[in-house]
Structures are given as C-alpha cells and as structure tokens.
Amino acid sequence: MDNTADARPLFITGDELTRAALRKLATAAGTEAHHAPTPDAARRHWNRATVVVIAADLAQACADARLPHRGEIILLTGPELPYDQAWPLALAMGATQVASLPEAGAWLARQLAPATTRPHRAPVATITGARGGVGASTLAAGLAIAAADSGRTTLLIDADPRGGGLDVLLGWENRDGLRWPDLTGMPGPYDPDRLRPSLPHDSHLGLLSFSRNRSVHLDPATVTAVLDAATRSHDLVVIDAPRYGEPWLPDLISGSTLLGLVVPAEVRAIAAARQAIAVHAPQTDRARLILATTTPARLSTTDIVNAVGVPVATEIRRDPRLAAAAETGALPTRARHGTLVTAAKALLTELPDPQPDEPATPQLAGAPS
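Quick note: the sequence shown uses the working numbering, first residue 2, plus one each step.
Now the structure itself:
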C-alpha cells in the first residue's frame with residue numbers, strides 16, 4: 002500500500018481565494034497539497050502532512066477543535082486576523098510560524114517544497130477487532146514480533162485499557178521499564194531518543210503497556226504525545242486499540258497508516274465490522290480486514306468484502322496452539338510459526354517505509370530519562 006501521497010502539505014481554509022493562492026504556491030514549490038474545508042476534515046491528513054497551513058478564516062475554529070499536537074504549523078493572517086493578533090492564537094494552537102500573503106509568498110513556497118533530509122516518522126499500524134475475543138491483541142503482538150525479527154525497531158503499544166494486557170501475552174510482566182501510569186504523570190512532549198530505552202524492550206522490540214497494580218486514565222494529550230515520540234524513535238509502531246469508548250480514539254485512528262480490523266467470517270461479526278468501518282470512516286480511508294477463519298469458512302472472502310466494503314489484507318486461521326501460548330506467555334515463540342507469522346508478514350507488505358517528517362520536538366521538563 003502506497004502512503005507517500007499522504008506526505009504532502011495540508012491547507013485548512015474555507016475561503017476559495019485563499020485556497021487558490023495556496024495551490025499556486027504549492028505548484029511553484031513542485032508539490033501537491035491536501036485541502037480541508039473544516040477542522041474535522043483536516044484530521045484525516047493532520048499527522049502525516051509535511052506542513053499544515055491554517056488560513057485566517059478557520060484559525061479560531063482550529064484552535065477550538067483542539068487538533069493533536071504536531072510540528073510545522075503555519076498560521077496565515079487575513080482581514081479578520083491581523084498580524085499583531087495572530088501570534089496569541091498561534092501559540093494557543095501550537096503554530097510555529099505566522100505569515101502574511103502575498104508578502105511571504107516566496108518564503109511559504111520554500112516551506113511547502115518536498116523535504117529530503119528531514120528525520121523519519123514511522124508508519125503506524127492500528128489493530129482492533131470487529132468484536133471482542135477475535136484475536137486482535139494476538140495479531141498485534143504477532144505483527145510487532147515479525148517486524149522486529151525483520152530488523153525494524155518496533156514499538157508495540159497496548160492502548161486497550163479493558164484488555165488483558167500485552168505484557169501477559171509476551172510474558173513480560175516483570176520486565177523493567179515505564180508503563181502508561183508513569184507517562185501520564187510526566188508532561189509531554191517526550192524526547193524520542195529517551196522514550197525507547199525507557200520502556201521494556203528486547204533487541205528490536207519494545208512494549209508500552211498498562212500496569213498490573215496501578216490504574217490510569219489515558220487523556221488525549223498524553224496519547225498524542227506518546228505516539229509523536231514513538232514514531233520518531235522507531236521504524237514501526239503497532240497499536241492494539243480498543244473498539245470504542247475512548248475520547249482519543251478518533252485521533253489515534255486518523256494518525257494511523259493502516260487500520261486493521263480483525264473479523265471472523267460470521268454474519269453477526271460482519272454486521273459489527275460494517276458498523277465499525279462506518280464509525281471510523283471520517284478518520285481513515287486506509288482500513289483493511291483481517292479475516293479470522295475456520296475450516297470450513299461460513300462466508301466467502303468475496304461475500305465479506307461486498308458486505309463491509311473494505312479490502313481484505315490477509316487471513317489468520319484459528320489455532321488452539323496460539324491461545325495456549327498466549328495463556329503461558331509463550332506467544333513470542335509461537336508467533337514465529339504457522340498462520341500468525343504468515344498473516345503478520347502479509348500486513349507488513351501493506352506498510353510503507355518510514356517517511357520524512359518535521360524535526361523532532363525539543364524535550365520539555367519531565368520527559369522520560
């Protein structure tokens with residue numbers, strides 16, 4: 002799957018004259034840009050855009066929308082937002098520059114030009130289930146293990162507070178390192194170079210999980226800051242996500258390169274998958290199905306694709322040995338054989354290499370050390 006087209010500038014404006022002026026600058030810079038007429042429409046491309054340009058007409062709306070933290074945001078002035086009034090709003094929304102057109106046209110064109118020397122940002126694969134108990138956590142762990150075995154520095158993130166814990170699946174309950182409760186007590190953004198060694202890890206695989214004895218409520222700012230640092234310090238980020246109920250879930254989905262939905266070949270599960278895809282449609286157009294099949298399958302692949310309207314990336318056959326391995330913390334061994342590794346390798350082909358992005362955010366006090 003090619004996601005290089007997403008690595009473009011993003012223009013947020015409802016004003017056609019401003020949009021036309023920005024398109025001319027993008028053409029002069031040798032690039033194309035995404036356009037969003039509202040802040041909500043911008044979420045789909047927000048995290049992957051090389052630079053975000055917010056026009057004056059939607060500046061306040063973007064500030065009110067509390068879009069996720071990121072670098073490289075440019076706020077344009079206008080009749081409704083003079084230059085001297087723009088900076089307080091820019092600081093409130095995290096914009097790094099304020100510019101006026103046409104005076105700053107040449108400068109802005111340089112900012113829009115494709116970058117070839119920026120630090121990379123890793124792709125993000127988010128895995129969830131159409132319903133509970135379909136093996137989404139096992140697949141997420143298997144994908145992370147396969148990626149690490151291929152030489153990619155990989156972070157597996159347990160983002161499902163109602164799950165059983167990915168540390169249990171891996172047999173890592175007693176590994177030293179930070180967990181979610183530790184990070185929620187530290188103000189972000191987090192230093193990418195310090196995040197990876199501070200977490201439980203083994204060779205190319207790292208894990209961010211919940212704690213056995215400390216409850217925690219994940220807030221959107223913490224989740225966004227962790228994901229920002231993780232994508233700057235790894236080659237791949239794999240997330241085991243909840244199906245619903247978390248306020249940060251839409252932003253997590255919109256920041257993902259791939260949304261993998263594990264679906265059994267059953268009528269009720271297909272209905273649940275259709276509902277899940279409809280819910281996530283505003284955040285992503287990169288959803289793929291992973292069929293959890295039995296022999297014989299109750300529904301054909303064609304029937305499922307036609308019913309859900311999303312392509313199938315791969316299949317994973319139910320294997321009692323995987324369930325047994327998960328219960329005993331032996332999944333890392335079992336995941337390297339059979340149907341799980343086959344499905345994981347198929348998903349890896351759907352993911353691009355790390356893409357250039359803006360320079361890393363400077364560390365703030367309280368980042369993990």
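Positions of the beta carbon are idealized from the N, C-alpha and C atoms, including for glycine.
These numbers were taken from a predicted model, which means no experiment stands behind them.
The Cβ atoms of I75 and Q61 lie no closer than 7 Å to each other.
Across the set R71, T32, L23, the C-alpha of R71 shows the shortest separation from the C-alpha of A222. For the alpha helix (DSSP H) assignment, the uninterrupted runs of no fewer than 4 residues enclosed by the segment 180-238 are, from N- to C-terminal side, 181-185, 193-199, 221-234.
The distance from the Cβ of L228 to that of V238 is about 7 Å, consistent with a contact at the 8 Å cut-off.
Rounded to the nearest whole angstrom, the C-alpha separation of P201 and S212 is 12 Å.
Across the set A56, P10, V313, G310, the C-alpha of A56 shows the shortest separation from the C-alpha of P83. In the structure shown, A160 adopts coil according to DSSP, grouped into three states. Distances from the alpha-carbon of G95 to those of P115, R67, A266, S101 put R67 closest. When the beta-carbon positions are compared, A93 and A64 come within less than 7 Å of each other. Here S234 has P193, D194, L196, R197 as same chain residues with Cβ atoms under 7 Å from its own Cβ, once five neighbours each way along the sequence are excluded.
Straight through space, the alpha carbons of G136 and D159 are spaced by roughly 14 Å. Residue environment: W88 is assigned as exposed (fewer than 16 neighbouring CB atoms within 10 Å of its CB, all protein chains considered). About 6 Å separates the CB atoms of L113 and T32; that is less than 8 Å, so the two are in contact. The beta carbon of I240 sits closer than 6 Å to those of T127, I158, A160, all from its chain and outside the five residues before and after it, given in chain order. Each residue's CA atom was taken as its position, placing D177 and D203 some 11 Å apart. Rounded to whole angstroms, the gap between the alpha carbons of L300 and E316 is 13 Å. Fully enclosed alpha helix (DSSP H) runs of no fewer than 4 residues occupy 302-309, 321-329, 332-335, 339-349 of the segment 270-350, in order along the chain. Under the three-state reduction of DSSP, P353 is assigned to coil, being neither helix nor strand.
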